[in-house]
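Numbering (full-length UniProt numbering), first residue to last: 1 to 270.
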């Protein structure tokens, strides 16, 4: 083609026998040269059809217009309709999973090997009496560990979060309070006979004086076990015995009593 001459605009049309889906009606193509100017037929003569050539399955026509299509612009794909419907369900699943995780975080086994009930079929109720002594209340987090004579047991890291029953707005572990907690946990193979009461020592006033902790445990076909653990001790770093825990072990007392009964029975038989 001579220099400076125009290059015809190429239009692709769909074949007569088959029409591809979503094919643009026309495509203007040129390579560095302007398209041919508009061709006006002589007066009195109808415009002739543009010459066409057929190449394979695509018809190529010479256009008589210099109109240029706007450039194509790609947009980011939107969210798939199926995913849009699943989004609310996924949010609900995440919410309930988080709630279950928080509840499980408050109750942990002392040892996975010692727990005989991974489905938490037993119900524990814990009564905590705070002393009426001056500054006896606390804002710290209180936990308790319960153990049976065989070493099986459960640990409740945060009594209030695990099963506080005193209602919204109640201030736990205040002077003279009897606070009640209840919740589910793994069933212990033996009734609880030892208790370890702990405080994390946080809050504006960490010192706490506890009178006693009483525990009841029950489960399917297990009856009801009840135990009173007398504490009468400060859980504080600025008052005797200067520690943030209290341990009450009645398992050894029970064993001594059973041994004494067995000895007496043996002596009577002789």
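Yeah, the Cβ is synthetic: ideal placement off N, Cα and C, and Gly gets one too. Just so we're clear, the structure is a prediction, and the values are computed from it rather than from any experiment.
- Ranked by Cα distance from residue 166, the first of 190, 196, 128 and 195 is 128.
- The region 172-191 makes contact with the region 142-157; the number of CB pairs closer than 8 Å reaches 3 or more.
- Within its own chain, the residues whose Cβ lies closer than 6 Å to the Cβ of residue 209, once the five positions on either side in sequence are excluded, are 131, 133, 136 and 234, listed in chain order.
- Going by DSSP, residue 234 is part of the beta strand (DSSP E) stretching over 223-235.
- Taking C-beta separations shorter than 6 Å and ignoring five residues to either side along the sequence, the partners of residue 177 in its chain run 130, following chain order.
- Of the candidates 204, 217, 199 and 259, 217 places its Cα closest to the Cα of residue 183.
- One alpha carbon belongs to residue 258, the other to residue 247, and they sit about 22 Å apart.
- DSSP places residue 208 in the uninterrupted beta strand (DSSP E) bounded by 208-219.
- Listed in chain order, the non-local C-beta contacts of residue 227 below 6 Å within the same chain comprise 192 and 215, local neighbours out to five positions each way being set aside.
- By the beta-carbon neighbour count (other beta carbons within 10 angstroms, threshold 16), residue 119 is exposed.
- Here DSSP, grouped into helix, strand and coil, assigns residue 165 to coil.
- When DSSP states are grouped into helix, strand and coil, residue 251 belongs to the helix group.
- The three-state reading of DSSP puts residue 190 in coil, since its state is none of H, G, I, E or B.
- Residue 173 places its beta carbon less than 7 Å from that of residue 138.
- Secondary structure note for residue 156: its beta strand (DSSP E) is the uninterrupted segment 153-156.
- Within the DSSP bridge table, the entry for residue 198 names 143 and 245 as partners.
- If you compare the alpha carbons of 162, 224, 158 and 220 with that of residue 198, the shortest gap goes to 158.
- Counted as a single uninterrupted DSSP element, the beta strand (DSSP E) harbouring residue 182 occupies residues 178-185.
- The beta carbon of residue 211 sits closer than 8 Å to those of 129, 130, 131, 230, 231 and 232, all from its chain and outside the five residues before and after it, given in chain order.
- Within the DSSP bridge table, the entry for residue 148 names 192 as partners.
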